[in-house]
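Chemist: If you count the sequence shown from 1, position 220 lands on 1538 in the numbering used here, and the numbers rise without skipping.
Glycine included, every Cβ here is placed at the ideal spot set by N, Cα and C.
Structure below; questions to follow.
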Amino acid sequence: MKKPEETGLNKTSAWDSVDRKAVDRFATEYMSVIRDAKTEREFVEAIATIAQAEGYTLIDPLSRKAFPKSDKLLFINRGKNAVLVRLGKHPLGDGVTMVAAHVDAPRIDVKQNPLFESTGLALFQTHYYGGIKKYQWVTIPLALHGVVFDKNGRKLQLRIGEDEADPVFSISDILPHLGQAQAEKKLSEGVAGEALDAIVGHIPSSNKNEKTPVKANSLKVIAEQLHIDERAFAAAELEMVPAMKPREVGFDHSMILAYGHDDRICGYTAARGLLDQRNVPDRTQIVLLVDKEEIGSDGDTGMQSEFLELIIERLLHELNEKATVRQVLWNSVALSADVGAGMDPNYLDVFEAANAATVGNGIVITKFTGSRGKTSAHDASAETLHKFLEILDKKAVPWQVAEMGKVDVGGGGTVAKFLSKRGIETLDAGPALLSMHAPQELASKADLYCCYLAYRAFLEQGR
Ligand SMILES: [Zn+2]
């Protein structure tokens, strides 16, 4: 294929200007966090632990007690959505500076009535979560994470498949010898949603009267190990995620192959950017880590929920300010921190090179999202772009401007439109990935570090 003509402002490698030792240090920390935090709950917990170790106080916004005297506050919404607040010197009514990232990632969810037996195997029925290419999720090792209640009503946090001694689970695929009909289907139809059932057991029960002996034995093993019965699955929230650790890629160790970069790479860099603020800021700084972005940001833990309003309302009350929540929001600025598509050398034809992101060229600024004539887009104003680019240039943070692909080829959205709907001046900015939404996504260590620098600078300078 012909090499795309490379024009535009975005063709300088960030590796030329970043401190490579600092990049490596930062990447190692990030990899250790995402190695252990593979669900929205686990990531919220990991960030909460880090924040509390750095002096943030966990507060219940619904509590009637006065807030403790602290300018570093942490709020957690139902275990899946965290908000970090660093109070500034200026009144909240002047607006706040925010970075919002999502902490959910595409995965395979377990159904509420999951266990069945077929062909001498016990399997879990599943329903995929988010925009996945289904064929990528078969034949890989999967770990089971999530929440289930035992017979005594005790909440268990499952995490099976991450330790070497743990078993893993796996979805089968048909062998090529018998896969002719599958091979002739469209790629999107080659693996059906209902063909994503995961194998979870194989040994039959010794009770010969059992109609489904493998299922019966699996239930027995599950009861022995977890003290739960079949009914417990009805009230469980279980997710299957790739049972693989983050790995460095390339002879030069320059990239990270891992599950869930989208969007924990932004969640981690944004949180770190806030935690590393040295001085008390002028304007209040907020990092929002939200759930459910991959399925539309709905629900009480997604960006469309009003948890942010609840916190601001409570803060105004605690600070004795007369401003309204709407005034605070309308005066605020935000980065919607989410990943973009990096130009893929194997699939150059879907990109328009001058306006596509290149992995390793720094944080990607995206004026607008959406698809087909910018439908359903968040489209940032020139003023917003100008202010942010000035901040990046002042701090010498490598950046590039890009949109997702060629016109009419596809598109996507982020939480930006749910922020800007509230009157918050919002801009999309995040790293470019390869293999986005695959079980293992690929990110450049240089971009990871550029995002950290960019979010830190934005929080510091706001406007
Ligand atoms: Zn995302």
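Look up A1683 in the DSSP assignment and say whether it is helix, strand or coil.
Modeler: As written in the sequence, residue 1683 is Ile, which differs from the Ala given in the question. The answer is strand: DSSP assigns I1683 an E or B state.
Chemist: Taking 7 Å as the cut-off, is the CB of H1696 close to at least one heavy atom of ligand 1?
Modeler: Incorrect: H1696 has no Cβ contact closer than 7 Å to ligand 1.
Chemist: How many Å lie between Q1454 and V1401 at the Cα?
Modeler: 33 Å
Chemist: Under 7 Å, CB to any heavy atom of ligand 1. Which residues pass, going along the chain?
Modeler: H1420, D1580, D1581, E1611, E1612, D1656, V1657, T1732
Chemist: In this structure, what does DSSP give as the bridge partners for G1464?
Modeler: L1476, L1556
Chemist: Among the candidates F1385, Y1767, R1774, T1346, whose CA atom is the shortest distance from the CA of A1332?
Modeler: Y1767
Chemist: For L1710, I'd like the list of residues in its chain whose CB is within less than 7 Å of its CB, leaving aside the five on either flank, ordered along the chain.
Modeler: W1717, A1772, A1775
Chemist: Compare the C-alpha of P1560 against each of E1542, L1626, P1485 and name the closest.
Modeler: P1485
Chemist: By DSSP, does A1510 sit in helix, in strand, or in coil?
Modeler: coil
Chemist: Rounded to the nearest angstrom, what separates K1390 and G1508 at their Cα positions?
Modeler: 50 Å
Chemist: How many Å lie between K1320 and R1596 at the Cα?
Modeler: Because the pLDDT of K1320 is 44, which lies under 50, any placement of that residue in the model is unreliable, and the number read from its coordinates should be weighed accordingly. Approximately 48 Å between the Cα atoms of the pair.
Chemist: Inspect the beta-carbon positions of L1593 and A1369 and report whether they are closer than 8 Å.
Modeler: With respect to the 8 Å criterion, L1593 and A1369 are classified as neighbours on the basis of their beta carbons.
Chemist: For I1604 versus M1416, is the C-beta distance shorter than 8 Å?
Modeler: yes
Chemist: Measure the alpha-carbon distance for I1489 versus T1444 and round it to whole angstroms.
Modeler: 10 Å
Chemist: Taking the alpha-carbon positions, what's the R1425 to M1558 distance?
Modeler: 6 Å
Chemist: Please name the residue or residues paired with W1717 in a DSSP beta bridge.
Modeler: For W1717, the pairing in a beta bridge is given by DSSP as I1681.
Chemist: What are the start and end residues of each continuous beta strand (DSSP E) run of 3 or more residues lying completely inside the stretch 1701 to 1750, in chain order?
Modeler: With a minimum length of 3 residues, the continuous beta strand (DSSP E) runs that stay inside the stretch 1701 to 1750 are 1717 to 1719, 1743 to 1748.
Chemist: Quick check on this structure: which residue in A1589, F1344, G1519 has the alpha carbon closest to the alpha carbon of A1440?
Modeler: G1519
Chemist: Have a look at A1419, K1387, H1420 and flag the residue whose alpha-carbon is nearest the alpha-carbon of L1405.
Modeler: K1387
Chemist: Rounded to whole angstroms, what's the CA-CA distance from K1529 to E1435? Just pull it up for me.
Modeler: Put simply, the backbone Cα of K1529 is about 10 Å away from that of E1435.
Chemist: Note down the Cα distance separating H1408 from L1476, rounded to an integer number of angstroms.
Modeler: C-alpha separation (whole angstroms): 44 Å.
Chemist: Can you name, in chain order, every residue of its own chain whose Cβ lies under 6 Å from the Cβ of A1534, other than the five neighbours on each side?
Modeler: S1523, E1528
Chemist: What does the Cβ neighbour count give for H1579, buried or exposed, with the cut at 16 atoms within 10 Å?
Modeler: Taking all protein chains in view, the Cβ of H1579 is crowded by 16 or more other Cβ atoms within 10 Å, so the residue is classified as buried.
Chemist: With K1429 as the anchor, note down where its beta strand (DSSP E) starts and where it stops.
Modeler: Its beta strand (DSSP E) spans residues 1425 to 1436.
Chemist: Would you tell me roughly how many angstroms separate the C-alpha atoms of I1574 and D1378, rounded to the nearest one?
Modeler: Straight-line Cα distance between these residues: approximately 36 Å.
Chemist: Less than 8 Å between the C-beta atoms of G1591 and L1777, yes or no?
Modeler: In this structure, L1777 lies closer than 8 Å to G1591 by Cβ.
Chemist: Going by beta carbon distance, what residues of the same chain come within less than 8 Å of G1373, once the five residues before and after it are set aside?
Modeler: S1388, K1390
Chemist: Please identify the residue among S1694, L1707, E1708, M1722 whose C-alpha is closest to the C-alpha of A1671.
Modeler: M1722
Chemist: Below 7 Å, is the gap between the Cβ of L1556 and the nearest heavy atom of ligand 3?
Modeler: For the structure depicted, ligand 3 is absent and the ligand set comprises only ligand 1.
Chemist: Would you give the residue range spanned by the beta strand (DSSP E) that V1646 belongs to?
Modeler: Unbroken run through V1646 is the alpha helix (DSSP H), 1643 to 1648; no beta strand (DSSP E).
Chemist: Quick test of your reading: G1720 and A1756, contact by CB under 8 Å. State the CB separation rounded to the nearest angstrom.
Modeler: According to the sequence shown, residue 1720 is Ala rather than Gly. Not quite, the Cβ-Cβ distance comes to about 20 Å (not below 8 Å), so this is no contact.
Chemist: Okay, do the stretch 1651 to 1659 and the stretch 1727 to 1743 touch, 3+ Cβ pairs below 8 Å being the bar?
Modeler: Touching, per the Cβ criterion.
Chemist: Using a threshold of 8 Å, state whether the C-beta atoms of L1410 and L1637 are closer than that.
Modeler: yes
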